[in-house]
Amino acid sequence: MRSPDVQEVLLSVEGVSLAFGGVKALTGVSFDVRKGEIRAIIGPNGAGKTSMLNVINGFYHPNQGSITFKGQTRARMRPFEASRGGIARTFQNVALFKGMSALDNIMAGRTLKMRYGLFWQALRFGPAQREEVEHRHRVEEIIDFLEIQAIRKVPVARLPYGLQKRVELGRALAMEPDLLLLDEPMAGMNLEEKEDMSRFIIEVNDHYGTTIALIEHDMGVVMDLSNRVVVLDHGVKIADGTPDQVKRDQAVIDAYLGVAH
Amino acid sequence: MVLFGQFLEILIGGLLSGVLYSLVALGFVLIFKASGVFNFAQGAMVLLAGLALVRSLDLLVANGFPFWTAIILGLVFAGIIMAVTAWLVERFVLGPLVNQDGLTLFMSTIGATFVLEGASQMIFGSDVYPLRLFPTDAWFLFESSFPGGILVNKLDVWGGLIAGILVAGLAIFFQRTKTGRALRAVADDHAAAQSVGIPISWIWFVVWLVAGLVALVAATVWGTKLGVQFSITFLALKALPVLIIGGFTSIPGAIVGGLIVGAGEKLAEGFLGPHIGGGIEYWFAYVLALAVLLVRPQGLFGERIIERI
């Protein structure tokens, strides 16, 4: 278990409820994410973890409750406003731009950092071109960091799953986010790939100081990586605390093992 | 030698007229690539662009503007009209339908077609308006080798040149710029594109704007050839076999498909026509497209369709 260095709150979720028709995905969920920590969201299948991430990054608009990010409170916003504010994410089922190379995928993550508009881009010389080169440098650094130099020109559809996940992480990192949301970064990986990915996550957190909120099923990974854990079950928060506290919590044990009613 | 000369003449004429089909097909490919929507309104957009150009041109010339100034102003005006159209389409037709089924979006472009056709003729008039931007006479090449030489239309050569420049420009734009990358990103995955901060509505506007400008270019060439008139919208039907042959997602495919259709139908008319009766030109392209569909449903250059189950 690792310890949080800073106590400042970066993101706080207050009483968020979300329903699709009659199905309640989230009910009055509140928790916060402190600056610089790795925060895990866990829970059985269908607990509302991904819905929670989708609310944070603006894909879903909560029916009730609010979200405060970097001191600004809001009830709803659009995904590209979330990314403009500094929230990047990866997806449970890798969502890369399949036809494009690994390099282009990560370059796409720089979209918001590039300032020159259509006019200059159409000209193919001048500031837009210089800008493209500058960003290419940053992207190459990320590629080095993730150790994917060898595959950068390969169309991502051809890459094995583990590498696709890594490229997707690279695309999110290219945005230089304040908050990085990872939806099951290790799902479907073998042990070695999991270890690599854990190492990258810790390094991103240490090296760039990026705050990370992640969803994960592998309890070993969650206990190793995260500073604090929030547990959801059927859209309701049932526990919140350090990995050790959560592990001993009776409600959590019941939710995971099932309990006779 | 006479036969070979005739073959060459028909082949060159066919290839060049094929490039003109490609010009129209390009507009379809752009929108399909970037949004997965088959835009039925592309033909109507050619009509709108042509009418806006020719009518403003007539007005400017009648008011004593020199010809070249009038052309530039007319092109700018037509460009603005296409930009406004792109904005309106995004705002009122596609915008409210984000995340809907492809077929729903396709139906909505059929609706847009009728609105565009009606509105453009209501605003700019519904006659046949002659457009004289390019020379329409012909060259006679190799007169020493072939009796009478080989006839090549200057307009067709101009059309070929313009299409070539357009394709090169679009290819660079799509492959090497931020917006190009964003366009491809949106086509691949809406949610992922949104997560990296690409505003989808802006991207759709850009796509429809580019498709509108391609329609304008097509209108300059086709308007010179046929006069700007309602029947120009039927070009969309000629673009269909081009797309099926070349593949809906490939810019080079639109060019090659155009060349195959153009050369194929002219050669069939010239050589098969006398034996089985004329009028082959009008259906030959569709038969070609059908044959391609049987062998390679994704078209010659289209992305292979792989369904994972």
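Top to bottom, those sequences are chains P and Z. Going by numbering that gives the first Met the number 0, the letters in the first sequence line up with residues 0 to 260, in that order. Going by numbering that gives the first Met the number 0, the letters in the second sequence line up with residues 0 to 308, in that order. Idealized CB from N, CA, C, for every residue including glycine.
The straight-line gap separating the alpha-carbon atoms of THR68 (chain Z) and VAL114 (chain Z) is approximately 31 Å. Here DSSP, grouped into helix, strand and coil, assigns ALA24 (chain P) to strand.
In this structure, GLY163 (chain Z) sits away from PHE172 (chain Z), with a CB-CB distance that is not shorter than 8 Å. Remark: C-beta atoms of VAL83 (chain Z) and GLY222 (chain Z) do not approach each other more closely than 8 Å. For THR210 (chain P), there is no enclosing alpha helix (DSSP H); the enclosing beta strand (DSSP E) has its first and last residue at 210 to 214. Within its own chain, the residues whose Cβ lies closer than 7 Å to the Cβ of MET113 (chain P), once the five positions on either side in sequence are excluded, are GLU130, HIS134, listed in chain order. Contact check for VAL228 (chain P) and ALA24 (chain P): beta-carbon distance about 20 Å, past the 8 Å limit, so the pair fails to qualify. A residue is called buried when at least 16 other Cβ atoms come within 10 angstroms of its Cβ; GLU215 (chain P) meets this threshold and is buried. Within chain P, no residue has its beta carbon less than 8 Å from that of VAL166 (chain Z); the closest one is some 15 Å off. Membership of THR135 (chain Z) in any alpha helix (DSSP H) is not indicated, and neither H nor E is assigned to it by DSSP.
Of all residues in the segment 175 to 195 of chain Z, only THR176, LYS177, THR178, ARG180, ALA181, ARG183, ALA184, ASP187, ASP188, ALA190, ALA191, GLN193, SER194, VAL195 come within less than 7 Å of chain P when Cβ atoms are compared, listed by chain position. Of all residues in the segment 93 to 109 of chain P, only ALA94, LEU95, PHE96, LYS97, GLY98, MET99, ASP103, MET106, ALA107, GLY108 place a beta-carbon less than 7 Å from a beta-carbon of chain Z.
When secondary structure is reduced to three states using DSSP, PHE6 (chain Z) falls in the helix class. Closer than 8 Å to the CB of ARG135 (chain P) there is not a single CB belonging to chain Z.
The segment 61 to 78 of chain Z makes no contact with the segment 143 to 151 of chain Z; the number of CB pairs closer than 8 Å stays below 3. Residue-level contact check: ILE197 (chain Z) touches chain P, since one or more beta carbons of chain P fall below 8 Å from its beta carbon.
The same chain holds no residue with a CB closer than 7 Å to that of ILE252 (chain P) once the five nearest residues on each side in sequence are set aside.
For ASP239 (chain P), the enclosing beta strand (DSSP E) stretches over residues 235 to 240. By the Cβ rule, the segment 72 to 82 of chain Z counts as touching the segment 41 to 50 of chain Z, because three or more pairs are nearer than 8 Å.
Against chain Z, a Cβ distance below 7 Å from PRO78 (chain P) picks out GLN193, SER194. Taking 8 Å as the cut-off, the beta carbon of ARG170 (chain P) is found no closer than this to the beta carbon of SER100 (chain P). Secondary structure at GLN297 (chain Z): coil, using DSSP grouped into helix, strand and coil. In this structure, the straight-line span from the alpha carbon of ARG90 (chain Z) to that of GLY278 (chain Z) is close to 43 Å. Nearest Cα to ILE86 (chain P) within the set P:LYS34, P:GLU175, P:GLU183: P:GLU175. For the segment 6 to 61 of chain P, the full-length alpha helix (DSSP H) segments reaching 4 residues or more read 48 to 55 along the chain. In its chain, beyond the 5 residues on either side, ASN56, GLY57 have a beta carbon closer than 7 Å to the beta carbon of ALA81 (chain P). Where PHE76 (chain Z) is concerned, the enclosing alpha helix (DSSP H) starts and stops at 66 to 87. For MET51 (chain P), there are no C-beta contacts with chain Z under 7 Å, since the nearest C-beta of that chain is about 15 Å from it. Taking the Cβ atoms as the reference, LEU17 (chain P) lies roughly 19 Å from LEU178 (chain P), outside the contact range of under 8 Å.
LEU242 (chain Z) and GLU183 (chain P) have their C-alpha atoms spaced approximately 40 Å apart.
Taking every protein chain shown into account, the CB of PRO159 (chain P) has fewer than 16 other CB atoms within 10 angstroms, so this residue is exposed. DSSP places ILE164 (chain Z) outside any beta strand (DSSP E); the residue lies instead in the alpha helix (DSSP H), whose first and last residues are 153 to 175. With distances taken between CA atoms, PRO154 (chain P) lies nearest to P:ILE105 out of P:ILE105, P:ILE66, P:ASN44. Going by C-alpha positions, LEU215 (chain Z) is about 47 Å away from MET51 (chain P). For the C-beta of SER82 (chain P), the chain Z residues within less than 9 Å are, from N- to C-terminus, GLN193, SER194, VAL195, GLY196, ILE197. By the CB criterion at 8 Å, GLY226 (chain Z) and LEU130 (chain Z) fall inside the cutoff.
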